[in-house]
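**Q** Just dropping this structure here.
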Amino acid sequence: MIKILIVDDHALFRQGLKEIFSSRKDIKIIGEASDSKECLTVYKKIRPDIVLMDISLPDKDGLETTKEILKINPKQKVIVLSMYDDEKHIFEAFQNGAVGYFVKTKTVDELFKIIHSVYEEGTSVPRSLTSKLLEGIKRHALPQQRFKLTEKEIKILQLLKQGFSNKEIARQITTSEKTVKNHLASIFQKLAVENRAQAIVKSMEEKII
Amino acid sequence: MSYRNKLLDERKRLGKELHDGIAQTLTIACLKLDVIVSQLPPDKAKELKEITKLLRISAENTRKIIYELKLPDVEIKTLKEIRSQKKS
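Going down the list, the protein sequences come from chains B and U.
Residues in the first sequence are numbered consecutively from 839, following this note's numbering.
Residues in the second sequence are numbered consecutively from 151, following this note's numbering.
See the structure below:
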């Protein structure tokens, strides 16, 4: 019997899942929560085999909540439930410690398969999501490698973000103002941007700094 | 509030309404129908399976609209806001 805690702020969805699982002998819902706070309160009282975690919760998102749960029990298996099937969301779910990902528009058979794979094998990436997860790793893991930025260029971007002028950056990294300008030209080219503001925005957006 | 910000807010609100309303209803309806279909004899399940398929297409389309309505942070926030968010 696989014991499950459902965390979803949509009462209709929680109720629906409870009804679906009630007809099965292999899965049992032992708790439910509608937000992150309630989830952590309930979680401390019960020990589910699997947590089904909605990615978007009203107080703190499902991925942050997953991290909180893993702080309490690093071995807890969490499957993220989501309406999104893009590589960014899938990658972030696994990056934050989830071991499974279910897109809500998929079939109930797929949900059962994920639950069983996670319970029996520890993790589950449905074939339909594998390529997106790999794409996510390529796009979002170590973005500085993706853009081929050097350590010095990343340091310069961090200083740019803090509002330093070229002269001040040169002093900080003990080099000449001309060298800083050369580094900036290289950064702009690698990030495909035209100015400092765009470089800051893009490097923050891409989680380089 | 500027016209642009009003538009962005409205876009965000619409996305949330779709996500929290119709998308949840359609997806759970499909999952429940999957269970019912699996319990019926194949000849009786055929039509219900077709209906489930149609509902799932609607759920998928709704999901795509929600995704398209989602704005990247950089479009809805000023540089100052992004900076302070990054610091916090």
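Virtual Cβ for every residue (Gly too), placed ideally from N, Cα, C.
#1: Does any CB atom of chain U fall closer than 7 Å to the CB of B:I907?
#2: Within 7 Å (strictly less), CB to CB, does U:A195 reach chain B?
#3: Leaving out the 5 sequence neighbours to the left and right, which residues in its chain are closer than 6 Å to B:V889 when beta-carbon positions are compared?
#4: For U:L198 and U:S208, what's the separation of their Cα atoms in angstroms?
#5: In three-state terms, what does DSSP make of B:I1047?
#6: By the criterion of Cβ-Cβ separation under 7 Å, what are the contact partners of B:K942 in chain U?
#7: Give, in chain order, every residue of the stretch 929-961 of chain B whose Cβ lies closer than 9 Å to some Cβ of chain U.
#8: Between U:V224 and chain B, is any beta-carbon pair separated by less than 7 Å?
#9: Whose C-beta lies closer than 7 Å to the C-beta of B:H1021 among residues of the same chain, with five residues either side of it excluded?
#10: Which chain A residues are close to U:D170, counting only those with a beta carbon under 7 Å from its beta carbon?
#11: Per DSSP, B:V1018 forms a beta bridge with which residues?
#12: Evaluate the contact criterion for the stretch 183-199 of chain U versus the stretch 1033-1043 of chain B: three or more CB pairs, one atom per stretch, below 8 Å.
**A** In this structure, then:
#1: Along the first sequence, read from residue 1 onward, the residue named residue 907 of chain B stands at position 69. It does not; no Cβ of chain U falls within 7 Å.
#2: Translated into positions along the second sequence, residue 195 of chain U becomes position 45. It does not; no Cβ of chain B falls within 7 Å.
#3: Residue 889 of chain B sits at position 51 when you count from the first residue of the first sequence. Excluding residues within five positions, the ones whose Cβ falls inside 6 Å are L843, V916.
#4: Here residue 198 of chain U corresponds to residue number 48 of the second sequence, with the count starting at 1. Here residue 208 of chain U corresponds to residue number 58 of the second sequence, with the count starting at 1. Their Cα atoms are separated by approximately 15 Å.
#5: Counting from one through the first sequence, the residue named residue 1047 of chain B turns up at place 209. Coil, per DSSP.
#6: Counted from its first residue, the first sequence places residue 942 of chain B at position 104. Result: T177.
#7: V941, K942, T943, K944, T945, V946, D947, L949
#8: Here residue 224 of chain U corresponds to residue number 74 of the second sequence, with the count starting at 1. In this predicted model, U:V224 has a pLDDT of only 43, less than 50, meaning its place in the structure is not dependable; the value taken from the coordinates is given anyway. It does; some Cβ of chain B falls within 7 Å.
#9: Against the first sequence, residue 1021 of chain B aligns to sequence position 183. Cβ within range, chain order: K990, E991, I994.
#10: Among the protein chains of the structure shown, namely B and U, there is no chain A.
#11: Taking the first sequence and counting its residues from 1, one reaches residue 1018 of chain B at position 180. According to DSSP, B:V1018 bridges with nothing at all.
#12: no
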